[in-house]
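See below for the structure under consideration.
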Amino acid sequence: MPSSSPPRPAMSTAAAMRRHPHPAPTPSAPAYLAAMLALLALAAIAFSRVAFPGFPHPPDTRRCRPDAEGSWSAGVFLGDSPFSLKPIEYWGINSDAGAAWPVANPAVTCADVAKAGFPVSFVANPFLFIQGDAIYMFFETKNPVTSQGDIAAAVSKDAGATWQQLGVVLDEEWHLSYPYMFSYENKIYMMPESGKNGNLRLYRAVNFPLKWKLEKVLLEKPLVDSVIVNFQGSYWLIGSDFSSYGAKKTGKVCIWYSSFPLGPWSPHKQNSIHNTYNRSSARNGGRPFIYNGNLYRVGKDRGFGSGHSIKVFKVEVLTANEYKEFEVPFVLEKPLKGQNAWNGARSHHLDVQQLPIGKLWIGVMDGDRVPSGDSVHRLILGYMFYGVTSILVLLLGGLIGSIKCILPLRWYLPHTEKRSDSFNVHQQFFLYHKLSSLISNVNKLGSLIGSRIYYRSWKGQLYIGGITLILVVLTCFGTHYIFGGNGAEEPYPVKGRYSQFTLLTMTYDARLWNLKMFVEHYSKCASVREIVVVWNKGRPPVQGELKSMVPVRVRVENKNTLNNRFNIDREIKTRAVMELDDDIMMTCDDLERGFKVWREHPDRIVGYYPRLAEGRPLEYRNERHARKKGGYNIILTGAAFMDHRLAFKRYWSKEAQTGRQIVDSFFNCEDVLLNFLFANASSTSTVEYVKPAWAIDMSKFSGVAISRNTQAHYHVRSKCLAIFSEIYGNLTTKRFFNSRGDGWDVL
Numbered sequence: 000m001p002s003s004s005p006p007r008p009a010m011s012t013a014a015a016m017r018r019h020p021h022p023a024p025t026p027s028a029p030a031y032l033a034a035m036l037a038l039l040a041l042a043a044i045a046f047s048r049v050a051f052p053g054f055p056h057p058p059d060t061r062r063c064r065p066d067a068e069g070s071w072s073a074g075v076f077l078g079d080s081p082f083s084l085k086p087i088e089y090w091g092i093n094s095d096a097g098a099a100w101p102v103a104n105p106a107v108t109c110a111d112v113a114k115a116g117f118p119v120s121f122v123a124n125p126f127l128f129i130q131g132d133a134i135y136m137f138f139e140t141k142n143p144v145t146s147q148g149d150i151a152a153a154v155s156k157d158a159g160a161t162w163q164q165l166g167v168v169l170d171e172e173w174h175l176s177y178p179y180m181f182s183y184e185n186k187i188y189m190m191p192e193s194g195k196n197g198n199l200r201l202y203r204a205v206n207f208p209l210k211w212k213l214e215k216v217l218l219e220k221p222l223v224d225s226v227i228v229n230f231q232g233s234y235w236l237i238g239s240d241f242s243s244y245g246a247k248k249t250g251k252v253c254i255w256y257s258s259f260p261l262g263p264w265s266p267h268k269q270n271s272i273h274n275t276y277n278r279s280s281a282r283n284g285g286r287p288f289i290y291n292g293n294l295y296r297v298g299k300d301r302g303f304g305s306g307h308s309i310k311v312f313k314v315e316v317l318t319a320n321e322y323k324e325f326e327v328p329f330v331l332e333k334p335l336k337g338q339n340a341w342n343g344a345r346s347h348h349l350d351v352q353q354l355p356i357g358k359l360w361i362g363v364m365d366g367d368r369v370p371s372g373d374s375v376h377r378l379i380l381g382y383m384f385y386g387v388t389s390i391l392v393l394l395l396g397g398l399i400g401s402i403k404c405i406l407p408l409r410w411y412l413p414h415t416e417k418r419s420d421s422f423n424v425h426q427q428f429f430l431y432h433k434l435s436s437l438i439s440n441v442n443k444l445g446s447l448i449g450s451r452i453y454y455r456s457w458k459g460q461l462y463i464g465g466i467t468l469i470l471v472v473l474t475c476f477g478t479h480y481i482f483g484g485n486g487a488e489e490p491y492p493v494k495g496r497y498s499q500f501t502l503l504t505m506t507y508d509a510r511l512w513n514l515k516m517f518v519e520h521y522s523k524c525a526s527v528r529e530i531v532v533v534w535n536k537g538r539p540p541v542q543g544e545l546k547s548m549v550p551v552r553v554r555v556e557n558k559n560t561l562n563n564r565f566n567i568d569r570e571i572k573t574r575a576v577m578e579l580d581d582d583i584m585m586t587c588d589d590l591e592r593g594f595k596v597w598r599e600h601p602d603r604i605v606g607y608y609p610r611l612a613e614g615r616p617l618e619y620r621n622e623r624h625a626r627k628k629g630g631y632n633i634i635l636t637g638a639a640f641m642d643h644r645l646a647f648k649r650y651w652s653k654e655a656q657t658g659r660q661i662v663d664s665f666f667n668c669e670d671v672l673l674n675f676l677f678a679n680a681s682s683t684s685t686v687e688y689v690k691p692a693w694a695i696d697m698s699k700f701s702g703v704a705i706s707r708n709t710q711a712h713y714h715v716r717s718k719c720l721a722i723f724s725e726i727y728g729n730l731t732t733k734r735f736f737n738s739r740g741d742g743w744d745v746l
């Protein structure tokens with residue numbers, strides 16, 4: 000409208016209200032939204048308890064919760080040389096009876112440091128320092144409060160099997176990492192990365208390992224991942240200077256040399272030096288080592304984020320004027336379990352040294368179970384699900400008439416009284432016109448949908464039911480991505496240590512389809528070392544027919560008998576055996592919780608299916624009856640942990656011979672017999688129950704289960720109880736639910 004035209008008289012708000020009266024009252028949109036979102040939240044929590052077993056558990060100290068940089072921890076490797084290192088669990092080391100064997104990685108986690116009273120979010124860049132029979136590990140920790148790196152330490156006096164945390168030993172006002180250690184003239188030095196402070200500093204121990212003093216500034220350069228190595232009569236300082244633009248991507252290292260490790264330092268004639276073989280691996284990834292007179296440099300393969308793997312390079316030429324290296328094979332067993340393995344996603348640091356006793360080599364490596372940026376990725380996905388959910392809530396509200404896309408006129412009509420600026424008046428009316436058009440179009444869309452879909456008809460209710468189901472699913476996934484963690488089902492430590500177990504199942508050719516699902520699923524669980532398949536009848540599976548993340552050994556039996564389940568097997572490499580029927584599917588977290596309880600009670604049978612035998616004569620009763628009575632005295636060994644040397648020896652003892660014959664005659668009751676043998680050998684409790692989050696009995700979908708006729712199955716077991724009680728005594732010991740205190744045996 001031209002500015003010379005007279006302004007249109009402003010309509011008063013009251014007049015506008017009379018001209019455009021309010022629509023009839025409708026249900027409150029905010030109240031509707033609040034009720035719908037609350038319902039969805041409850042549904043998400045309820046669903047997440049089943050679909051994502053780790054979600055409902057409160058935060059605990061067993062896990063390193065990943066932040067933007069990951070959930071790094073450190074593991075120990077042993078070998079006859081730097082090129083034959085194996086994880087510590089492969090050496091079958093036993094630390095103590097309560098923790099079982101073998102001791103397994105990770106050796107040091109953020110939870111261990113936190114228990115020492117120092118809050119941290121990860122453990123990375125470990126370096127070793129050997130002093131007599133003590134092995135010290137120095138590593139970077141990230142303080143979640145200050146978001147900067149500090150240097151912490153731990154000590155081991157059993158060749159790296161167990162570690163005592165010493166806490167943070169060096170804390171500056173700037174970020175510290177990569178605590179390279181060495182000794183010179185009976186003094187111990189640490190050269191941590193302090194690039195954020197703009198220089199490279201050297202610290203000397205004044206009270207090793209807890210107190211350090213700044214010795215000197217070696218270089219006024221912000222070097223990262225720097226090391227000092229004594230080779231061919233000179234000291235060589237190797238590091239990366241990322242202060243220049245694009246330096247991180249060029250694959251450069253810088254070298255200085257000196258006659259003394261404290262300097263002064265002279266730059267190499269070729270600085271900056273390119274790693275001509277693999278530029279992404281130029282940055283140091285640990286301590287250089289000398290083996291058979293040759294110098295090897297450890298580099299980190301940059302990959303994505305802060306690195307995925309390590310590389311080893313043999314230094315061919317190292318002089319003041321020339322440097323050459325080439326990559327050599329360095330293969331460590333690659334973790335196949337992904338995020339269920341402590342180093343399943345990436346590792347970028349290795350320090351390897353020779354032990355003074357036994358001539359073994361020990362290495363420490365850091366690892367992460369989640370890829371770089373995983374927490375941000377999950378957050379974005381979670382909010383995307385929530386955003387789509389909010390849009391669908393509005394759509395659903397429009398369909399059932401709880402939300403009207405009509406705004407009261409007082410929200411958008413301009414108040415023009417006492418205004419003299421005609422330009423502002425016209426601008427107000429222009430915005431009003433646009434807003435009115437937008438709302439009108441939205442109303443037309445709502446009316447169009449409402450005219451086609453009447454929510455009280457069966458068709459409309461079907462649409463609404465479908466949208467509600469989608470809302471619940473989207474809310475569950477959003478809740479899972481934001482609050483449910485990274486999806487990893489991690490092991491539970493006992494006394495700060497981890498271990499592994501062997502999964503053993505018994506089957507035959509008619510159940511091969513069950514076995515394939517069984518092996519593929521359970522081989523991903525963090526603490527499963529090996530799967531042993533006891534093959535009772537028919538053609539056994541051929542090599543490669545079973546998809547597994549761990550070794551699978553098929554033990555073919557000569558006779559089809561249930562006693563084969565407990566055959567003595569000297570090839571089993573762990574103390575713990577999980578006997579699990581091939582038709583039972585449960586989460587890895589359920590297995591890990593049961594394994595933790597067994598490690599705390601290794602002399603007992605720990606399982607997931609409790610039964611109660613009571614009365615005279617004894618009568619076999621189901622889990623529902625046991626819960627009603629508040630106690631149990633039998634744990635089914637179709638899903639139970641046990642010490643295989645203890646359990647199998649008892650089962651094949653001379654005293655159990657008659658019981659084994661009864662098992663063969665009924666083709667049943669092998670688990671009942673083992674419970675009697677344990678109860679007969681102890682005056683204390685011999686069974687422990689762990690409640691699974693969920694478990695599916697796949698035998699219900701097949702016709703090959705021996706217990707498909709429940710009534711007949713229970714009748715046979717009651718007969719077994721009567722016979723076994725005469726031979727081995729009564730099952731007088733009774734356990735009570737919710738008596739252990741960990742909350743995993745609740746009613």
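FYI, the numbering for the sequence shown is 0 to 746, going by numbering that gives the first Met the number 0.
Using N, Cα and C, we set each Cβ at its ideal position, and we do this for glycine too.
The model shown is predicted, which means the values in this text are computed figures rather than measured ones.
(1) With DSSP as the reference, label P158 as helix, strand or coil.
(2) Less than 8 Å between the C-beta atoms of V311 and F325, yes or no?
(3) If you draw a straight line from the alpha carbon of V549 to that of K515, how long is it in whole angstroms?
(4) Below 8 Å, can you find three or more Cβ-Cβ pairs linking the region 140-150 to the region 109-122?
(5) Below 8 Å, how does it come out for the region 630-642 and the region 602-611: are there three or more Cβ pairs, yes or no?
(6) Please say whether L213 and S225 have beta carbons closer to each other than 8 Å?
(7) Does the beta-carbon of Y322 have 16 or more other beta-carbons within 10 angstroms, so that it is buried, or is it exposed?
(8) Going straight from the alpha carbon of K595 to that of E618, what length do you get?
(9) Return the Cβ separation of G477 and F384 in integer angstroms, given the expectation that the two are a contact with Cβ distance under 8 Å.
(10) Specify the secondary structure class of A319 as computed by DSSP and reduced to three states.
(11) Please name the residue, chosen from N283, C524 and G537, that lies closest to K511 on a Cα-to-Cα basis.
(12) Going by DSSP, what residue range makes up the beta strand (DSSP E) through D670?
(13) Considering only residues of the same chain and omitting the five flanking positions on each side of V369, which have a CB-CB separation below 8 Å?
(14) Who pairs with K215 in a beta bridge, going by DSSP?
(15) In angstroms, rounded to a whole number, what distance separates the CA positions of P616 and I722?
(16) Spatial neighbours of P287 within its chain, please: CB distance less than 7 Å, with the 5 preceding and 5 following residues excluded, ordered by chain position.
(17) For L169 versus N198, is the C-beta distance shorter than 8 Å?
(18) For E326, which of helix, strand or coil comes out of DSSP?
(19) For D300 versus I289, is the C-beta distance shorter than 8 Å?
(20) Can you tell which of W173, H174 and P191 has the C-alpha that lies nearest to the C-alpha of M180?
(21) So, for S526: in the same chain, excluding its five sequence neighbours on each side, which residues have a beta-carbon less than 8 Å away from its beta-carbon?
(22) With respect to the alpha helix (DSSP H) encompassing D588, which residues constitute its N-terminal and C-terminal limits?
(23) DSSP puts V531 in a beta bridge; with which residues?
(24) Where DSSP assigns a beta bridge to A638, which residues make up the other side?
(25) Report yes if the C-beta distance between D663 and G637 is below 8 Å; otherwise report no.
(26) Rank V605, F665, G614 and H624 by C-alpha distance to the C-alpha of A646 and give the top, closest one.
(27) Does DSSP put G148 in a helix, in a strand, or in coil?
(28) In three-state terms, what does DSSP make of C719?
(29) Taking Cβ to Cβ, would you say W173 is nearer than 8 Å to S193?
(30) Under the rule that 16 or more other beta-carbon atoms within 10 Å means buried, what is R623, buried or exposed?
(31) Tell me the DSSP secondary structure of R564 in three-state form.
(32) Closest to K572 by C-alpha separation, out of D79, F76, V75 and E88, would be which residue?
(33) Excluding the 5 residues preceding and the 5 following G148 in the sequence, name in chain order all residues of the same chain whose CB lies nearer than 8 Å to its CB.
(34) By a C-beta neighbour count over all protein chains shown, 10 Å radius and 16 as the cutoff for buried, is L406 buried or exposed?
(35) On the DSSP bridge list, what partners appear for H253?
(36) Please classify W693 as buried or exposed, where buried requires at least 16 neighbouring CB atoms within 10 angstroms.
In this structure, then:
(1) Numbered from its first residue, the sequence shown carries residue 158 at position 159. Sequence inspection shows Ala at residue 158; the Pro mentioned does not correspond to that position. Secondary structure of A158 (DSSP, three-state): coil.
(2) Within the sequence shown, residue 311 is the residue found at index 312, counting from 1. Within the sequence shown, residue 325 is the residue found at index 326, counting from 1. Their beta carbons are not under 8 Å apart, which means V311 does not touch F325 by this criterion.
(3) As a first step, residue 549 must be located in the sequence shown, where it is residue number 550. As a first step, residue 515 must be located in the sequence shown, where it is residue number 516. C-alpha of V549 to C-alpha of K515: approximately 14 Å in a straight line.
(4) Contact between the region 140-150 and the region 109-122 is present, with at least three C-beta pairs closer than 8 Å.
(5) Yes, the region 630-642 is in contact with the region 602-611.
(6) For this step, residue 225 is matched to residue 226 along the sequence shown. For this step, residue 213 is matched to residue 214 along the sequence shown. By the CB criterion at 8 Å, S225 and L213 fall outside the cutoff.
(7) Residue 322 sits at position 323 when you count from the first residue of the sequence shown. By the neighbour-count rule (16 or more Cβ atoms within 10 Å), Y322 is buried.
(8) Indexing the sequence shown from 1 puts residue 595 at position 596. Indexing the sequence shown from 1 puts residue 618 at position 619. Approximately 31 Å, taken between the alpha carbons.
(9) On the sequence shown, residue 477 is found 478 positions in, with the first residue counted as 1. On the sequence shown, residue 384 is found 385 positions in, with the first residue counted as 1. Right, their Cβ atoms sit about 3 Å apart.
(10) Within the sequence shown, residue 319 is the residue found at index 320, counting from 1. Here A319 sits in coil by DSSP.
(11) By 1-based counting over the sequence shown, the position of residue 511 is 512. The residue asked about is misnamed: residue 511 is Leu in this sequence, not Lys. Among N283, C524 and G537, the Cα nearest to that of L511 belongs to G537.
(12) Within the sequence shown, numbered from 1, the residue matching residue 670 stands at position 671. Boundaries for D670: no beta strand (DSSP E) harbours it, while the alpha helix (DSSP H) harbouring it runs E669 to N679, taken from the DSSP string.
(13) Residue mapping note: residue 369 aligns to position 370 of the sequence shown, counting from 1. Counting only residues of its own chain and dropping the five nearest sequence neighbours on each side, V369 has a CB closer than 8 Å to the CB of P65, G69, S70, Q338, A344, N485 and A487.
(14) Here the question's residue 215 lines up with position 216 in the sequence shown. In DSSP, K215 forms a bridge with L201.
(15) One-based indexing of the sequence shown puts residue 616 at position 617. One-based indexing of the sequence shown puts residue 722 at position 723. Spanning the two alpha carbons is a distance of roughly 10 Å.
(16) Within the sequence shown, numbered from 1, the residue matching residue 287 stands at position 288. V226, V228, L294, Y295, R296 and V297, listed in sequence order.
(17) Numbered from its first residue, the sequence shown carries residue 169 at position 170. Numbered from its first residue, the sequence shown carries residue 198 at position 199. One thing to note: L169 has its Cβ no nearer than 8 Å to the Cβ of N198.
(18) In the sequence shown, counting from the first residue as 1, residue 326 sits at position 327. Annotated three-state conformation of E326 is strand, per DSSP.
(19) Taking the first residue of the sequence shown as 1, we reach residue 300 at position 301. Taking the first residue of the sequence shown as 1, we reach residue 289 at position 290. At a Cβ-Cβ threshold of 8 Å, D300 and I289 do not count as neighbours.
(20) Here residue 180 corresponds to residue number 181 of the sequence shown, with the count starting at 1. Selected option, being the one with the closest Cα: P191.
(21) Here residue 526 corresponds to residue number 527 of the sequence shown, with the count starting at 1. Apart from the 5 residues on each side of it in sequence, S526 sits with its Cβ closer than 8 Å to the Cβ of A103, P490, Y497, S498, Q499, F500, L590, E591 and F594 in its chain, given in chain order.
(22) Stepping through the sequence shown from its first residue, residue 588 is reached at position 589. Per DSSP, D588 belongs to the alpha helix (DSSP H) from C587 to E599.
(23) What you label residue 531 is simply residue 532 of the sequence shown in a count that begins at 1. For V531, which the question treats as bridged, DSSP gives the partners L503 and R552.
(24) For the purposes of this step, residue 638 is taken as residue 639 along the sequence shown, with counting starting at 1. Under DSSP, A638 forms a beta bridge with L579.
(25) Counting from one through the sequence shown, the residue named residue 663 turns up at place 664. Counting from one through the sequence shown, the residue named residue 637 turns up at place 638. At least 8 Å separates the beta-carbon of D663 from that of G637.
(26) Taking the sequence shown and counting its residues from 1, the one referred to as residue 646 is at position 647. Checking every option, the nearest Cα to that of A646 belongs to V605.
(27) The residue given as residue 148 occupies position 149 in the sequence shown. In the structure shown, G148 sits in a strand (DSSP, three-state: E or B).
(28) Residue 719 sits at position 720 when you count from the first residue of the sequence shown. C719 falls in the helix class under three-state DSSP.
(29) In the sequence shown, counting from the first residue as 1, residue 173 sits at position 174. In the sequence shown, counting from the first residue as 1, residue 193 sits at position 194. It is a contact, given that the beta carbons lie within the stated cut-off.
(30) For the purposes of this step, residue 623 is identified with residue 624 of the sequence shown, where counting begins at 1. Counting Cβ neighbours within 10 Å, R623 comes out exposed, since fewer than 16 surround it.
(31) Within the sequence shown, residue 564 is the residue found at index 565, counting from 1. In the structure shown, the three-state DSSP call for R564 is helix.
(32) Position 573 of the sequence shown, counted from the first residue, corresponds to residue 572. A check of alpha carbon separations from K572 across D79, F76, V75 and E88 identifies E88 as the nearest.
(33) Here residue 148 refers to the residue found at position 149 when the sequence shown is read from its first residue. Non-local C-beta neighbours of G148 in its own chain, meaning closer than 8 Å and more than five positions away in sequence, comprise E139, T140, K141, N142, H174, L175 and S176, ordered along the chain.
(34) By one-based count along the sequence shown, residue 406 stands at place 407. Because the pLDDT at L406 is just 46, under 50, the model does not fix this residue reliably, and the value given afterwards should be weighed accordingly. Exposed, by the Cβ-count rule.
(35) By one-based count along the sequence shown, residue 253 stands at place 254. Per the sequence presented here, residue 253 reads as Cys, with His not at that position. Under DSSP, the beta-bridge partners assigned to C253 are G238.
(36) Walking along the sequence shown from the start, residue 693 turns up at place 694. Per the 10 Å Cβ criterion, exposed.
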